[in-house]
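Asks:
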Amino acid sequence: MLHDPEIKLKLDPWLNDSNSITFKIKREYFRRLDLRPVRMIPQYCQERLLRILKDFKLELFRTGSGECILTKTGEGREIKSIFPKIPQNFKNIGENHVFSHSGRISTNVQGEIYISSEKINISSTQMECDAILESNKVIIAIEAKKGFEKSFSIHQIV
Numbered sequence: 001m002l003h004d005p006e007i008k009l010k011l012d013p014w015l016n017d018s019n020s021i022t023f024k025i026k027r028e029y030f031r032r033l034d035l036r037p038v039r040m041i042p043q044y045c046q047e048r049l050l051r052i053l054k055d056f057k058l059e060l061f062r063t064g065s066g067e068c069i070l071t072k073t074g075e076g077r078e079i080k081s082i083f084p085k086i087p088q089n090f091k092n093i094g095e096n097h098v099f100s101h102s103g104r105i106s107t108n109v110q111g112e113i114y115i116s117s118e119k120i121n122i123s124s125t126q127m128e129c130d131a132i133l134e135s136n137k138v139i140i141a142i143e144a145k146k147g148f149e150k151s152f153s154i155h156q157i158v
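Okay, here's the thing in structure tokens:
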């Protein structure tokens with residue numbers, strides 16, 4: 001898709017524009033190329049970012065309604081990542097906390113997010129978490145998996 005001539009006409013100026021951080025991949029791009037945006041769900045952790053995105057120093061996320069956003073975030077950029085680096089070992093959260101269990105979350109969310117100064121509208125995107133623990137100062141989101149699943153997607157815990 002990023003090498004498609006029609007998309008490159010819009011993408012290349014954006015890549016060279018230091019004032020713009022986000023680029024919307026519209027539904028019509030997917031339709032014209034006979035692609036499905038569901039395949040654009042980031043099926044990686046930060047360490048397994050897709051090669052083409054690494055080459056362009058970009059990251060990607062879905063906004064719902066069949067669109068995606070490319071971001072100028074990544075190594076060597078002002079914003080290193082929009083995705084968390086999944087820790088190999090859990091860190092000590094510090095002082096003692098009394099946690100309450102808020103249950104499992106599985107819902108579609110909508111709203112606005114900011115990446116630097118650029119506002120992105122999220123029309124409907126999945127948010128899922130197996131458990132949430134909350135104290136007055138800390139929220140811990142838990143996504144439990146047995147072993148490494150090929151279907152694991154970072155959006156499940158973002």
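1 is the number of the first residue of the sequence shown in this note's numbering; add one for each residue after it. Ideal placement from N, C-alpha and C gives every residue a C-beta, glycine not left out.
1. Bridge partners of Ser108, per DSSP?
2. Grab the span of the alpha helix (DSSP H) containing Lys8 for me, first residue to last.
3. Evaluate the contact criterion for the region 128-136 versus the region 67-75: three or more CB pairs, one atom per stretch, below 8 Å.
4. Is the beta carbon of Cys68 closer than 7 Å to that of Leu60?
5. Where DSSP assigns a beta bridge to His97, which residues make up the other side?
6. Counting only the same chain and skipping the five closest in sequence on each side, list residues whose C-beta sits under 7 Å from that of Asp4.
7. For Asn121 and Thr63, which I take to be in contact (beta-carbon distance under 8 Å), what is that distance rounded to the nearest angstrom?
8. If we ignore side chains and look at the alpha-carbon of each, how far apart do Ile105 and Ile140 end up?
9. Within the same chain, show all residues whose beta-carbon is closer than 6 Å to that of Ser65, passing over the 5 residues directly before and after it, in chain order.
10. With a CB to CB cut of under 8 Å and the five nearest residues on each side skipped, what residues in its chain are close to Lys26?
11. Looking only at its chain, what residues have a beta carbon closer than 8 Å to the beta carbon of Ser20, apart from the 5 residues adjacent to it on each side?
12. What residue does the beta strand (DSSP E) around Arg62 start on, and which one ends it?
13. Pull up the distance between the alpha-carbon of Lys24 and that of Lys137, whole angstroms please.
14. Who pairs with Glu118 in a beta bridge, going by DSSP?
15. So for Ile25, helix, strand or coil by DSSP?
16. Quick check: what's the CA-CA separation for Cys129 versus Ile79?
Replies: Taking the definition as stated:
1. Counting from one through the sequence shown, the residue named residue 108 turns up at place 108. The sequence given here places Asn at residue 108; Ser does not occur at that position. Partner(s): Gln126.
2. Indexing the sequence shown from 1 puts residue 8 at position 8. Where Lys8 is concerned, the enclosing alpha helix (DSSP H) stretches over Pro5 to Leu15.
3. no
4. Here residue 60 refers to the residue found at position 60 of the sequence shown. Here residue 68 refers to the residue found at position 68 of the sequence shown. Against a cut-off of 7 Å, the Cβ pair of Cys68 and Leu60 comes out as a contact.
5. Your numbering for residue 97 matches position 97 in the sequence shown. Beta-bridge pairing links His97 to no other residue.
6. Position 4 of the sequence shown, counted from the first residue, corresponds to residue 4. Contacts found: Leu33.
7. Counted from its first residue, the sequence shown places residue 121 at position 121. Counted from its first residue, the sequence shown places residue 63 at position 63. Sure, about 7 Å apart at Cβ, within 8 Å.
8. Sequence index remark: in the sequence shown, residue 105 carries index 105 (1-based). Sequence index remark: in the sequence shown, residue 140 carries index 140 (1-based). Cα to Cα, Ile105 sits roughly 12 Å from Ile140.
9. As a working note, residue 65 is residue 65 in the sequence shown. Closer than 6 Å at Cβ, skipping near neighbours: Ser123.
10. Here residue 26 corresponds to residue number 26 of the sequence shown, with the count starting at 1. Closer than 8 Å at Cβ, skipping near neighbours: Glu67.
11. The count along the sequence shown starts at 1 and reaches residue 20 at position 20. The answer, listed in chain order, is Trp14, Lys72 and Glu118.
12. Counting from 1 along the sequence shown, the entry for residue 62 is found at position 62. Segment Glu59 to Gly64, the beta strand (DSSP E) holding Arg62.
13. Taking the first residue of the sequence shown as position 1, residue 24 is located at position 24. Taking the first residue of the sequence shown as position 1, residue 137 is located at position 137. In a straight line, the C-alpha of Lys24 is about 35 Å away from that of Lys137.
14. Residue mapping note: residue 118 aligns to position 118 of the sequence shown, counting from 1. According to DSSP, Glu118 bridges with Ile115.
15. Stepping through the sequence shown from its first residue, residue 25 is reached at position 25. Three-state result, Ile25: strand.
16. Residue mapping note: residue 129 aligns to position 129 of the sequence shown, counting from 1. Residue mapping note: residue 79 aligns to position 79 of the sequence shown, counting from 1. If I take the Cα positions, the gap works out to 25 Å.
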